[in-house]
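Working notes, beginning with the structure itself.
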Amino acid sequence: MLSEKLTKALNGQINKEMASAYLYLGMATHFEAEGLLGFSAWMHKQVKEEMDHAMKIYKFIFETGGKPELGKLEAPKTEYGKPEDVIKQVLEHEKSVTESVNALYALASAENDYKTQVFLQWFITEQVEEEANVQSILDKFKFVDGSAALLFLDKELGSRE
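Next comes the structure, spelled out in structure tokens:
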């Protein structure tokens, strides 16, 4: 069974993952309204990933004898600036999620909760991948000097598996 402190922290992470999904849905809404359907499709995949992360934690809490508690979510904004600025915000957000996952791991480690440490290793690896993927998109903006290049990047993002 998880400690009360660790259960509370994991429940907080469920809320952060769901808030991430909602944030990304707001960004997808912005991109779709701007006609950047590839960016929107990429964000929709991010939404699904974040929801999957939340459900993974939700199930883990039940599997370890706890009960998930669902927190309140605020409505995300749906108006943003330039695509590059939005992707920069995604990277900063992913870095904050990484910090949160690392803090969870540190707590599990301090409590000698080995099963939770093993569980969280997947999230640590996932966050390395998330940050690298977003950074690779940002790196491509160095070569975007006009609408045609932006549309090419939009098409590439729309083809994400």
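Just so you know, we're using the working numbering here: the sequence shown kicks off at 743 and counts up by one.
The beta-carbon is built from N, C-alpha and C at its ideal position, and this holds for glycine as well.
{"Check": "For Ile803 and Leu849, the rounded distance between their alpha carbons", "Outcome": "15 Å"}
{"Check": "Burial state of Ser782 (16 or more Cβ within 10 Å)", "Outcome": "buried"}
{"Check": "Option in Thr858, Leu862 and Lys819 with minimal Cα separation from Ala763", "Outcome": "Lys819"}
{"Check": "Other residues of its chain near Leu862: CB distance less than 7 Å, five sequence neighbours each side excluded", "Outcome": "Val843, Leu846, Tyr847 and Ala850"}
{"Check": "Distance between Lys814 and Glu805 (C-alpha atoms, nearest Å)", "Outcome": "23 Å"}
{"Check": "Backbone secondary structure at Gly754 - three-state DSSP", "Outcome": "helix"}
{"Check": "Ala874 burial status per 10 Å Cβ neighbour count (16 or more: buried)", "Outcome": "exposed"}
{"Check": "CB of Thr858 within 8 Å of CB of Leu744, strictly", "Outcome": "yes"}
{"Check": "Helix, strand or coil at Pro825 [DSSP, three-state]", "Outcome": "helix"}
{"Check": "Which of helix, strand or coil DSSP assigns to Ser782", "Outcome": "helix"}
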